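First to last, the protein sequences are chains A and B. With the working numbering applied, the first sequence corresponds to residues 3 to 212, in that order. With the working numbering applied, the second sequence corresponds to residues 4 to 300, in that order. The beta-carbon is built from N, C-alpha and C at its ideal position, and this holds for glycine as well. Source: prediction; values computed, not measured. Working notes, structure below.
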Amino acid sequence: MTRATLLLVAAALVLAACSPTTSTALQATGLDPQPDGWRGIPIELDRQLPDVTLLDTDDQPVELATAFLGDPTLLFFGYTNCPDICPIHLAAIASAMGSTGVGFDELDVVFVSVDPDRDTPARIDEYLANFSPRMVGLHADLDTVEQALAALDLPGPIVEGADPRGEGDLIGHPAQVIGFDSDGQAQRVWPFGARRSDWVVDLPRIVDEW
Amino acid sequence: MNVAWWCSGTGQVWTWRYTPFLGVWVVAATMIGGYVLSHRRAGRPLDRRRFRRWVLGVLALFVVSEWPIGQLGVGYLATVGIARYVVYTFVAAPLLLSGLPTWLVERWLPEGSRRQRAVAVLTSWPVALLVFNAVLFGTHLPVTIDTLKTTQLGSFLVDVLHLGAALVWWWPAMRPAHERNAIQEPIRAFYLFASSVLMFVPAAFLTFSPLPLYGLYELAPPLWLGFNPVADQQAAGIVMNVVGGFVLWGIIAVLFLRWAKEREQADATARRERNARVLARIEELESGGADSRRERT
Chain A
3 MTRATLLLVA AALVLAACSP TTSTALQATG LDPQPDGWRG IPIELDRQLP
53 DVTLLDTDDQ PVELATAFLG DPTLLFFGYT NCPDICPIHL AAIASAMGST
103 GVGFDELDVV FVSVDPDRDT PARIDEYLAN FSPRMVGLHA DLDTVEQALA
153 ALDLPGPIVE GADPRGEGDL IGHPAQVIGF DSDGQAQRVW PFGARRSDWV
203 VDLPRIVDEW
Chain B
4 MNVAWWCSGT GQVWTWRYTP FLGVWVVAAT MIGGYVLSHR RAGRPLDRRR
54 FRRWVLGVLA LFVVSEWPIG QLGVGYLATV GIARYVVYTF VAAPLLLSGL
104 PTWLVERWLP EGSRRQRAVA VLTSWPVALL VFNAVLFGTH LPVTIDTLKT
154 TQLGSFLVDV LHLGAALVWW WPAMRPAHER NAIQEPIRAF YLFASSVLMF
204 VPAAFLTFSP LPLYGLYELA PPLWLGFNPV ADQQAAGIVM NVVGGFVLWG
254 IIAVLFLRWA KEREQADATA RRERNARVLA RIEELESGGA DSRRERT
């Protein structure tokens, strides 16, 4: 066996030994275009904005099923300590709204906390201000949040273990943004991986067609 | 402790927990060990000045490839990613090349060998210019970054390409005048300047694109709340343009001034020699005239 072959074998062994350091592979390619040109994936099932009562950050009750009728709505379940999915989704939506000129007066962006223990109203306000203070932050007890999730066939939040940054626990939660038309009918979902370039395509159509 | 071979975009939350990259340590040790061993085998003493440059070149590679800069640049911040490219291309590669003595190049690339012929083709300045820019453009395409930099092997390959293309590109400009393919002013200044101008193209895409070009950085867990991947990308474009440009133009200026000084010294020497020859001729003529006058009297 030549020295070069030995080196190659050694390199391959090192590679094999070191490769699985990460549990998640990053898919950085964005969403594939749908046949109708949208990037969001159509929802085939008949689902409405859930019929639950949540609280806004002034602790005023909000009937989710009716409060946002009249404008299309993007609904997202997350938590303010989320290190990745939540800030990436919210930043992408806020940035794409800025790029396309779609305003919060024609599209509601609603964030529902799945972490009632840590997400106080003040904390939710402070968190959303990083993206846009005009995003709507809602919270409720865990049972109500789970009820809302179940109405959309989404799993409830689960504790996934310690946050590697030392900020309490990581919470597993649905990673998709759900789009409802002005009648509260669920139309499409945007899974994690949706990029600004995807939202720039879809946002004007949401406002025009929903 | 987490251990990896090479830095790559993992999609994992950033923490300040040290992750050694074994490949970086192996490559750095091999480069320094190989250099020292080659001198020992050839029975030649280490030239301290050259060895210092070689070590500094390896150190530059090491710093930007190891944790944390390597990981931040490949997985989280486009600005750091481009800064890594700038260091690979404009700091490490010229230092490594200027640390190589001619005899060692001849030893590693024996005259007439296949390796030597390949390097001779690659380092002729038009080919080198082409290779450098092909790698620059190719490795900064979104599809390349988003596909290759999400795996350790792909990320390693991109880094090898960056260093390889930089070495090929610097070769004609940095190697001593008597070596094959070495170019001198004014071609050298044109050659380096042309590359700096071509570099404005990808830099302009980064700076002026209204959307993030790279999903890798856009979808990576943000380092802080409110992190803006478009601003990060713009900063990356500015780093490529301004820092890359300034470093390169600084090097062009130094090389040009050194060449101008050498030319001036050579001209002065030639002038002195010519003057000395003229003076000698005049003296010779004067002494010849005096002799003939003496003969007539």
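- Not a single CB atom of chain A sits nearer than 8 Å to the CB of residue 105 (chain B).
- Residue 43 (chain A) sits close to residue 190 (chain A), with the two beta carbons spaced by under 8 Å.
- Proximity of chain A to residue 16 (chain B) at the Cβ level (cut-off 7 Å) is accounted for by 85, 86, 166, 167, in chain order.
- Judged by beta-carbon spacing, residue 168 (chain B) lies beyond the 8 Å limit of residue 122 (chain B), meaning their Cβ atoms are not closer than that value.
- Around the beta carbon of residue 181 (chain B), a 10 Å sphere encloses fewer than 16 other beta carbons of the protein chains shown; the residue is thus reported as exposed.
- A check of alpha carbon separations from residue 70 (chain B) across B:211, B:94, B:28 identifies B:28 as the nearest.
- C-alpha of residue 120 (chain B) to C-alpha of residue 254 (chain B): approximately 28 Å in a straight line.
- The beta carbon of residue 160 (chain A) sits closer than 6 Å to those of 174, all from its chain and outside the five residues before and after it, given in chain order.
- Nearest in C-alpha terms to residue 57 (chain B), of all of B:31, B:229, B:72, is B:31.
- Contact between the stretch 193–207 of chain A and the stretch 50–69 of chain B is absent: fewer than three C-beta pairs spanning the two stretches fall below 8 Å.
- Our two residues, residue 104 (chain B) and residue 17 (chain B), have alpha carbons roughly 42 Å apart in a direct line.
- By alpha-carbon distance to residue 54 (chain A), the top candidate from A:121, A:48, A:64 is A:64.
- With its beta carbon at least 8 Å from every one in chain B, residue 134 (chain A) lies outside the interface.
- Of the candidates B:144, B:158, B:191, the residue whose Cα lies closest to the Cα of residue 259 (chain B) is B:191.
- Contact with chain B is found for residue 89 (chain A), since one of that chain's Cβ atoms lies less than 8 Å from the residue's Cβ.
- In this structure, the CA atom of residue 227 (chain B) is about 10 Å from the CA atom of residue 132 (chain A).
- Between residue 135 (chain A) and residue 225 (chain B), the CB-CB gap reaches or exceeds 8 Å.
- The beta carbon of residue 162 (chain B) does not come within 8 Å of any beta carbon belonging to chain A, so the residue lies off that interface.
- Segment contact: the stretch 171–188 of chain B against the stretch 89–101 of chain B, three or more CB-CB distances shorter than 8 Å; contact assigned.
- The stretch 82–167 of chain B is shown to contain no whole beta strand (DSSP E) run of 3 or more residues.
- As computed with DSSP, residue 112 (chain A) is found in a beta bridge with A:77, A:138.
- Across the set B:127, B:55, B:249, the C-alpha of B:127 shows the shortest separation from the C-alpha of residue 186 (chain B).
- Interface flag for residue 31 (chain A) against chain B is set, since a Cβ pair is found closer than 8 Å.
- For the set A:192, A:37, A:188, the Cα lying nearest the Cα of residue 87 (chain A) is the one of A:192.
- Excluding sequence positions up to five before and after residue 204 (chain A), its CB lies within less than 7 Å of the CB of 40, 41, 42, all in the same chain and listed in chain order.
- Collapsing the DSSP output to three states places residue 186 (chain A) in coil.
- Neighbours of residue 42 (chain A) across chain B, judged by C-beta separation under 8 Å, do not exist; the nearest C-beta is about 16 Å away.
- Here residue 247 (chain B) has 89, 93, 202 as same chain residues with Cβ atoms under 7 Å from its own Cβ, once five neighbours each way along the sequence are excluded.
- Only those residues of the stretch 167–197 of chain A whose C-beta falls short of 7 Å from the nearest C-beta of chain B are listed: 167, 195, 197.
- The criterion of a C-beta distance shorter than 8 Å is satisfied by residue 151 (chain B) and residue 160 (chain B).
- Counted as a single uninterrupted DSSP element, the stretch harbouring residue 177 (chain A) is not any alpha helix (DSSP H), since DSSP gives it neither H nor E.
- The residues 64, 66, 114, 140, 141, 142, 146, in chain order, have a CB closer than 7 Å to that of residue 56 (chain A) in the same chain once the five nearest residues on each side in sequence are set aside.
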